[in-house]
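Here the structure comes first, spelled out in C-alpha cells, and everything after it is commentary.
Protein chains: 2
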Amino acid sequence: MQDKQAIPSVWTRPKKKKEQPALSVEHIVAEAIGLLDEEGIEQLSMRKLGARMNAGATSLYRHVANKDELIELVVDEVYGELTVPKVTTPERWRENATEVAGSLRAMMLRHPWVGTVLGQVGLKSLGPNLARLSGEFMAVFQAAGFPVLDADKVMNTLISYVIGMATSEAAWLQLVTRSGKTEAEWVAELLPRAIEAAADRADLAEPLLASSGVDPAVVRDDNFAYGLETVLDGCAARLARL
Amino acid sequence: MQDKQAIPSVWTRPKKKKEQPALSVEHIVAEAIGLLDEEGIEQLSMRKLGARMNAGATSLYRHVANKDELIELVVDEVYGELTVPKVTTPERWRENATEVAGSLRAMMLRHPWVGTVLGQVGLKSLGPNLARLSGEFMAVFQAAGFPVLDADKVMNTLISYVIGMATSEAAWLQLVTRSGKTEAEWVAELLPRAIEAAADRADLAEPLLASSGVDPAVVRDDNFAYGLETVLDGCAARLARL
DNA sequence: GGATGGTTGCGCACACTGTGCGCGGCATGG
DNA sequence: CCATGCCGCGCACAGTGTGCGCAACCATCC
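So the sequences go chain by chain: A and B. The numbering of the first sequence is full-length UniProt numbering, which starts it at 1 and goes up by one. The numbering of the second sequence is full-length UniProt numbering, which starts it at 1 and goes up by one.
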C-alpha cells in the first residue's frame, strides 16, 4: 500500500503536466456521452466518469456544478448533432419536416438514454443548441405558410409525436441490448406469450403475426413512418384550411 | 439508547397485531403513489416508503421483488385510472379518441412523475391494466373502420403524441411546483429573457407575447387540443383514403 | 529574483441509497 | 402441545452525490 506516493519524491515523475488535455467542460461532456452510450443512464456516476478520465470523482465538480447540470449539458450537446435543412422552396416543407423528424428519431435511437432523461430536465435547460434548432425548425413551417402562432403549435405537435415514439422505441432497444439477445430473438420469444394473452380477441394478435417474420428494425421504421405521415397529413389539412 | 426494547418485556404491548392491515402489495403500491405524487420520483426511496407505512425499509421486500418491480406495479396501477368509453356508433370515434387522449393527459398531469418513468420501464411491463386499455382503445379505431393493422399503428401514433406532449408538460409542472412559485409567476419571469434571446428574430417572440396575459394552464390546454385535432385530422385523412 | 493570489485536481467524510441475510416472533395446522 | 411456515426487522455492504479543505500548479506583480 506504500506505493501511493505520499511524498512526491525526487525520482517521481513530477508529471509533465498538460500531457493530457486535463479536465474541461467539453471533455467531460464528451466522455459522459461515451459512457452513457456504452452503459446507459443508470450506470453514469461521477466516480465512474472520473475514473474514465483518470481523475477523481470530485475533480469534475470544478467544471460542472452538479450531476443535473452535467446532464443538461449532455442533452444539449446531442441536440447539436441535429441539423435542420435550409428551407428551399415552401412546397418542400413536408420533405424538410420528414427529414428533421427522421434525424431526431435517429439521434434518440443512437443515444437511447436521451428519452429517459428528457422528462427530468425541464424546459429550464433550453441550451443553445436546442434554441437554435427550434428556431430553424420554426422557419420551415413559416415558409410553408403557417402563421407564427400556428407554426409554433404545429412544430410542437410533430416533435411531441417523434419524442413519444422514439422514447418508447429506445426503451425497448435498451431492454433488448441489455439482455444480450438480438431484437429478432426477443420478439420471437415474446410473440407466443402475447398471442396467448389476447386469446379471446383473435384480431388483436393479427398485427403481431403480420410482422412475425420481418426484421423488427424494419417494422419499427415502418411504424414510425406511418405515424409521421399521419401527423403530416394533419398538418397539411390545417394548412389547407388556412 | 436503552429504550429500544431489546427484550419484549411483559408490559410492552405485545402489539395487538392486525390493528394495521399490515403490509400488502396493494397497500404498498397505493402508498408509493401517494409518496410519488407528493414528493416526486427522485424522493421515492424504500426507506422513506417504509417509514410512511410504519415499517422498516426491507420489510417491503417480502411483497415486492425490488424497486424496479415496484415501479412497474405503480405505473400499471395509474393506468388503471383510465377508462375507454364504450364504442357507441362508429361515427363517434373522434369523440371517443379525444376523450381517451384527454384522460391520458389528465392522468399524466395528475401524476407528473409518470412521464419520467415511462422511458425506463420498457414494454417488459405491459401490466394487466395497460393490456386491457390498449385492447379497448384498439376497438375504438376498429369500429371507426380501420383495418386491424392500421388501427394498431394509428393508435400508437395518437398515444405517442399524447405521451410526448404530456411528458413535457409534466416536466415543466414539476419544475414549477418545486420552485414554490405559481405557473403564471414563472412565465412572467421567463418571458423577457426568452424575448431577449430571440432578439434577432422578432417573429419568434410573437407566440410568447400572444399568451403573456392568459392563464398558462389554459394556454397548455389549447396547445394540447390544437395538436390533438391535428393528429386526428391526419387519422381522418387516412380513414378517408381507406 | 521572490512573493502572491487564483485555479485545478484530489482525498476524506457524510448522509444517503438498494438490497441480501438471518433472527425472532406470530398464526396456523396437526 | 409442538412444528411449520410467513412476516417484519435490524444489520451490513457496496455504491451514490457532493461539501470541505489541502496541495500543487500557473500567471502576475513587487
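Using N, Cα and C, we set each Cβ at its ideal position, and we do this for glycine too. Remember, it's a predicted structure, so these values are computed and weren't measured experimentally.
By alpha-carbon distance to B/Glu-77, the top candidate from B/Val-87, B/Ser-103, B/Leu-36, B/Val-29 is B/Val-29. Contact of A/Pro-207 with chain B is assigned, a C-beta pair being separated by under 8 Å. The beta carbon of A/Val-64 sits no closer than 8 Å to any beta carbon of chain B. Secondary structure remark: continuous alpha helix (DSSP H) runs of at least 4 residues inside the stretch 16-91 of chain A, in chain order: 25-39, 46-52, 67-79.
At a cut-off of 8 Å, the C-beta of B/Leu-149 has a neighbouring C-beta in chain A.
Chain order gives no chain A residues near B/Arg-92, where near means a beta carbon separation below 9 Å; the closest approach is about 19 Å.
The three-state secondary structure of A/Pro-147, taken from DSSP, is coil. The beta carbon of A/Val-64 is closer than 8 Å to those of Val-25, Ile-28, Leu-70, Leu-73 in its chain, skipping five residues each way along the sequence. In terms of Cβ geometry, B/Leu-104 and B/Leu-82 form a close pair [threshold 8 Å]. Straight-line measurement puts the Cα of A/Glu-185 at about 36 Å from the Cα of B/Trp-93.
In this model, B/Glu-229 and A/Leu-228 are separated by some 15 Å (Cα to Cα). Residues of chain B with a Cβ closer than 7 Å to the Cβ of A/Ile-195 do not exist, since the nearest Cβ in that chain sits about 13 Å away. Taking CB atoms only, B/Met-108 has no neighbour in chain A less than 8 Å away.
Secondary structure note for A/Arg-201: it is in no alpha helix (DSSP H), with a DSSP letter that is neither H nor E.
With a beta-carbon spacing of about 15 Å, B/Arg-62 and B/Glu-31 fall beyond the 8 Å limit used to define contacts. Runs of the beta strand (DSSP E) lying entirely within the stretch 152-223 of chain A and spanning at least 3 residues: none are present. When Cβ pairs closer than 8 Å are counted between the two stretches, the stretch 39-47 of chain B is seen to touch the stretch 111-127 of chain B, the count reaching three or more. In the three-state DSSP reduction, B/Arg-241 falls in the coil class, being neither helix nor strand. Below the 8 Å Cβ cutoff, chain A contributes Gly-135, Met-138, Val-148 as neighbours of B/Leu-204, in chain order. Selection B/Tyr-226, B/Glu-183, B/Met-138, B/Leu-60 evaluated against B/Asn-96 yields B/Met-138 as nearest (Cα-Cα). Using beta-carbon distances, B/Arg-47 does not count as an interface residue toward chain A, since no partner is under 8 Å. Distance from the Cα of B/Ser-212 is smallest, within the candidate group B/Gly-234, B/Ala-188, B/Ala-202, B/Ala-194, for B/Ala-188. Around the C-beta of B/Thr-167, 16 or more other C-beta atoms lie within 10 Å, and the residue is accordingly described as buried. Non-local C-beta neighbours of A/Gln-142 in its own chain, meaning closer than 7 Å and more than five positions away in sequence, comprise Val-148, Ala-151, ordered along the chain.
Taking 8 Å as the CB threshold, A/Val-231 lines the interface with chain B. When rounded, the separation of the alpha-carbon atoms in B/Leu-133 and A/Gly-164 is 18 Å.
In summary, B/Asn-66 is exposed, with fewer than 16 beta-carbon neighbours lying within 10 Å of its beta-carbon over all protein chains present. In terms of Cα proximity to A/Phe-146, the closest of A/Gly-102, A/Asp-233, A/Leu-239, A/Val-231 is A/Leu-239. Taking the C-beta atoms as reference points, A/Asn-156 is found nearer than 8 Å to B/Asn-223. Interface annotation, B/Ile-28: not in contact with chain A, CB-CB separation never under 8 Å.
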